[in-house]
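A.B. asks: One structure coming up, written as structure tokens, with questions to follow.
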DNA sequence: TCAAAAGTGTTCTTGATACACCCATGC
DNA sequence: GCATGGGTGTATCAAGAACACTTTTGA
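Protein chains in written order, with our numbering: chain A, 4 to 231; chain B, 4 to 231.
See the structure below:
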């Protein structure tokens with residue numbers, strides 16, 4: 004690979020905004036930095052992109068290394084390329100956002116990564132670098148996507164009640180929704196299928212549903228457009 | 004700037020998908036490559052990001068250098084980070100898309116950049132690298148944004164007729180729209196203001212309008228949501 | 001006088017919203 | 001038996017879709 008270094012190159016990193024739903028509340032996973040700069044501050048999990056991996060792979064690798072999370076929904080968000088994002092040197096960062104079913108990963112992630120913690124969005128500490136800005140973009144993107152795509156299910160367990168789904172939408176979008184209208188609408192879509200089991204608690208048991216992505220894809224091809 | 008090169012770094016470039024509207028047809032600006040690899044093939048304008056400029060600035064600089072276009076609408080699209088995009092070495096590219104008022108720039112761009120040409124979308128030649136894929140993403144993004152944001156005006160002259168606007172939507176979205184419903188809707192938005200002049204031609208003259216971005220921003224702050 | 005594009009309202013249909021009560025269970 | 005969340009239908013309203021003819025100009 005002959006290449007003349009005519010100009011100095013910016014370094015390239017990835018950063019991941021990991022969202023999870025905990026007790027009906029939207030949370031984000033942060034890592035406490037052990038090294039300078041911003042030592043002791045909380046930051047998004049991330050790191051350098053290696054020359055032999057795709058940028059997507061780098062995001063998945065860093066996520067696994069720093070938080071123990073694997074096989075989660077991951078999508079590119081935006082590339083942050085301002086000059087002094089990192090005080091050490093010129094670093095361009097490709098930001099991703101991930102959605103995890105927190106119920107499954109809660110204990111695991113906590114044990115794998117000692118310095119990792121979930122923070123409620125209303126309670127995020129000051130972040131290192133421009134990670135506050137990245138987080139804001141991710142929240143905005145999540146809100147947008149949630150309305151127009153079936154990504155909310157990535158935050159819920161495989162089987163969930165309609166109330167759980169509604170509360171997710173209410174928590175993320177910050178609005179109150181009418182129960183009857185909400186149920187009418189999502190059931191009319193016809194890609195939520197009831198499963199045999201029922202949820203239990205100190206009250207009437209609820210029907211559980213799962214998201215049928217095959218049905219969903221079929222509908223999409225027929226020109227159907229998700230919107231909630 | 005002390006930095007240890009623990010790992011080899013991917014190179015970082017920008018590529019720009021430039022859209023223009025020519026005689027009611029959507030076109031894209033391509034550059035014919037003079038160097039290997041893909042010598043002679045058509046490609047998107049773009050180049051390396053310098054260490055002392057932001058990524059956005061790199062896109063603007065390359066656009067100006069390779070096509071003579073300045074002060075155009077420019078927005079980041081997506082970052083392409085596959086391994087063998089470029090046969091020479093590992094290159095990650097941040098793609099942008101730009102919208103230009105072709106009527107203003109047509110002659111200028113043609114003279115500034117000898118190897119630059121506008122291609123109708125239905126007539127794009129095979130492109131170098133993964134630029135075909137980038138172009139596809141840009142078209143998808145343009146279609147999406149056009150429905151939900153006031154970016155169509157970036158493709159039209161400052162003063163335009165409602166028919167021109169409608170034809171733009173029909174051309175980009177590939178659908179036929181009802182004239183009366185279209186006019187009713189856009190005029191109800193109340194951010195198109197009629198100007199004194201009229202368009203002329205071999206037929207009845209049409210009222211010209213301009214997009215009032217101040218009015219638009221005011222509406223946005225009041226919770227208004229553009230959708231067409 | 002003809003061709004070509006501009007301009008203009010009403011009806012119908014569809015989807016969104018608002019709204020209140022009974023049900024099943026655990027404690 | 002009571003507290004808690006689960007589950008259901010209808011009436012009203014607003015927005016979108018369908019639709020055809022007259023007007024103005026240049027050639």
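In this text, a Cβ means the ideal position worked out from N, Cα and C, and glycines have one as well.
1. Any beta carbon from chain A within less than 8 Å of residue 2(B)'s own beta carbon?
2. Counting beta carbon pairs with one atom in the stretch 125-135 of chain A and one in the stretch 75-95 of chain A, are three or more of them shorter than 8 Å?
3. For residue 44(A), which residues in the same chain have their Cβ closer than 6 Å to its Cβ, ignoring the five residues on either side in sequence?
4. Using C-beta distances below 6 Å, list every residue in its chain close to residue 118(A), excluding the 5 sequence neighbours before and after it, in chain order.
5. I'd like to know if the stretch 134-151 of chain A and the stretch 191-209 of chain A are in contact, where contact means that at least 3 CB-CB pairs between them fall below 8 Å.
6. Over the uninterrupted beta strand (DSSP E) stretch that includes residue 154(A), give me the two end residues.
7. Cutting at 8 Å between CB atoms, please list the residues of its own chain near residue 211(B), excluding the five before and the five after it.
8. What residues in its chain sit with their C-beta under 6 Å from that of residue 40(B), if we drop five residues either side in the sequence?
9. Jot down the residue ranges of each uninterrupted beta strand (DSSP E) in the stretch 160-209 of chain A, minimum 3 residues, whole runs only, in chain order.
10. Who does residue 16(A) pair with in a DSSP beta bridge?
11. Applying the criterion that 16 or more other CB atoms from any shown protein chain within 10 Å of the CB defines a buried residue, is residue 205(A) buried or exposed?
12. Listed from N- to C-terminal order along the chain, which residues in the stretch 56-87 of chain B have their beta-carbon within a distance smaller than 7 Å of any beta-carbon of chain A?
13. Examine chain A for any beta-carbon lying closer than 8 Å to the beta-carbon of residue 11(B), and answer yes or no.
14. Applying a beta-carbon distance threshold of less than 7 Å, which residues of chain A neighbour residue 20(B)?
15. Only counting the same chain, and skipping five residues up and downstream in sequence, which positions put a Cβ closer than 7 Å to that of residue 175(B)?
16. Whose CA, out of 225(A), 227(A), 15(A), lies closest to the CA of residue 92(A)?
17. If you draw a straight line from the alpha carbon of residue 20(A) to that of residue 31(A), how long is it in whole angstroms?
18. For chain A, find out if any of its Cβ atoms is closer than 8 Å to the Cβ of residue 36(B); answer yes or no.
19. Return the CA-CA distance between residue 73(A) and residue 104(A), expressed in angstroms with no decimal places.
20. Tell me where the alpha helix (DSSP H) around residue 220(A) begins and ends.
21. Have a look at 169(A), 120(A), 13(A) and flag the residue whose alpha-carbon is nearest the alpha-carbon of residue 55(B).
22. Taking all protein chains shown into account, decide if residue 75(A) is buried (16 or more other Cβ within 10 angstroms of its Cβ) or exposed.
23. Reducing DSSP to helix, strand and coil, say where residue 108(A) ends up.
24. The beta strand (DSSP E) that contains residue 64(A), what's its start and end?
25. Whole angstroms are fine: how far does the CA of residue 77(B) sit from the CA of residue 101(B)?
26. Output yes if chain B places a C-beta closer than 8 Å to the C-beta of residue 105(A); else output no.
27. With residue 123(B) as the anchor, note down where its beta strand (DSSP E) starts and where it stops.
28. When the cut-off is 8 Å and only beta carbons count, does residue 93(B) lie next to chain A?
29. CB-CB under 6 Å to residue 182(B), same chain, minus the five flanking residues each way: which ones, in chain order?
30. Look up residue 143(B) in the DSSP assignment and say whether it is helix, strand or coil.
31. Could you tell me whether any Cβ in chain A is nearer than 8 Å to the Cβ of residue 15(B)?
32. By how many angstroms is the C-alpha of residue 224(B) removed from the C-alpha of residue 189(B)?
33. What residues of chain B sit near residue 54(A), judged by a beta carbon separation below 8 Å?
34. DSSP has residue 39(B) in a bridge; who is on the other side?
35. How would you write the range of the beta strand (DSSP E) that residue 80(B) sits in, first residue to last?
C.D. replies: Concretely, from the data shown:
1. In the structure as shown, chain B starts at 4 and stops at 231, and residue 2(B) therefore has no counterpart that could be examined.
2. yes
3. Position 41 of the first chain, counted from the first residue, corresponds to residue 44(A). If we look at residue 44(A) and ignore the five residues flanking it on each side, its Cβ neighbours are 36, 131.
4. Your numbering for residue 118(A) matches position 115 in the first chain. Closer than 6 Å at Cβ, skipping near neighbours: 34, 35.
5. no
6. By 1-based counting over the first chain, the position of residue 154(A) is 151. Note, residue 154(A): premise wrong, no beta strand (DSSP E); not H, not E.
7. On the second chain, residue 211(B) is found 208 positions in, with the first residue counted as 1. Counting only Cβ-Cβ distances below 8 Å, and skipping sequence neighbours, we find 162, 163, 164, 197, 198, 200, 201, 202.
8. In the second chain, counting from the first residue as 1, residue 40(B) sits at position 37. Hits under 6 Å: 90.
9. 195-202
10. Taking the first chain and counting its residues from 1, the one referred to as residue 16(A) is at position 13. In the DSSP output, where bridge partners are listed per residue, residue 16(A) has 51(A), 96(A).
11. Taking the first residue of the first chain as position 1, residue 205(A) is located at position 202. Exposed: under 16 other Cβ atoms inside 10 Å.
12. 57, 58, 59, 79, 81, 82, 84, 85, 86
13. Indexing the second chain from 1 puts residue 11(B) at position 8. Yes, contact with chain A.
14. Your numbering for residue 20(B) matches position 17 in the second chain. Here the premise fails: no neighbours, minimum Cβ distance about 15 Å.
15. Numbered from its first residue, the second chain carries residue 175(B) at position 172. Cβ neighbours of residue 175(B) beyond the five flanking positions: 29, 145, 146, 149.
16. One-based indexing of the first chain puts residue 92(A) at position 89. Selected option, being the one with the closest Cα: 15(A).
17. As a working note, residue 20(A) is residue 17 in the first chain. As a working note, residue 31(A) is residue 28 in the first chain. Their Cα atoms are separated by approximately 7 Å.
18. Residue 36(B) sits at position 33 when you count from the first residue of the second chain. For residue 36(B), the answer is no, since every Cβ of chain A falls outside 8 Å of its Cβ.
19. Here residue 73(A) corresponds to residue number 70 of the first chain, with the count starting at 1. Here residue 104(A) corresponds to residue number 101 of the first chain, with the count starting at 1. Distance between the alpha carbons of residue 73(A) and residue 104(A) is about 11 Å.
20. Residue mapping note: residue 220(A) aligns to position 217 of the first chain, counting from 1. Residue 220(A) -> alpha helix (DSSP H) spans 216-224.
21. Working through the second chain from its first residue, we reach residue 55(B) at position 52. That would be 13(A), whose Cα lies nearest to the Cα of residue 55(B).
22. The count along the first chain starts at 1 and reaches residue 75(A) at position 72. Residue 75(A) is buried by the Cβ-count criterion.
23. By one-based count along the first chain, residue 108(A) stands at place 105. Three-state result, residue 108(A): helix.
24. Locating residue 64(A) in the first chain gives position 61, counting from the first residue. Where residue 64(A) is concerned, there is no enclosing beta strand (DSSP E), although the alpha helix (DSSP H) it sits in stretches over 58-70.
25. In the second chain, the residue the question calls residue 101(B) occupies position 98. In the second chain, the residue the question calls residue 77(B) occupies position 74. So the two alpha carbons sit approximately 4 Å from each other.
26. Within the first chain, numbered from 1, the residue matching residue 105(A) stands at position 102. Not one chain B Cβ lies under 8 Å of residue 105(A).
27. For the purposes of this step, residue 123(B) is taken as the residue at position 120 of the second chain. Run containing residue 123(B): 119-123, per the beta strand (DSSP E) assignment.
28. On the second chain, position 90 is the one that residue 93(B) refers to. Judged by the 8 Å Cβ criterion, residue 93(B) is in contact with chain A.
29. Position 179 of the second chain holds residue 182(B). Closer than 6 Å at the Cβ level, and outside the excluded window around residue 182(B), lies no residue.
30. Indexing the second chain from 1 puts residue 143(B) at position 140. If DSSP states are grouped into helix, strand and coil, residue 143(B) belongs with the helices.
31. The count along the second chain starts at 1 and reaches residue 15(B) at position 12. Chain A contact via Cβ: present.
32. If you number the second chain from 1, residue 189(B) lands on position 186. If you number the second chain from 1, residue 224(B) lands on position 221. Each residue's alpha carbon lies about 18 Å from the other.
33. Your numbering for residue 54(A) matches position 51 in the first chain. The answer, in chain order, is 10, 11, 12, 13, 93.
34. Locating residue 39(B) in the second chain gives position 36, counting from the first residue. Note: residue 39(B) sits in no beta bridge, so no partner.
35. Here the question's residue 80(B) lines up with position 77 in the second chain. Note, residue 80(B): beta strand (DSSP E), 76-83.
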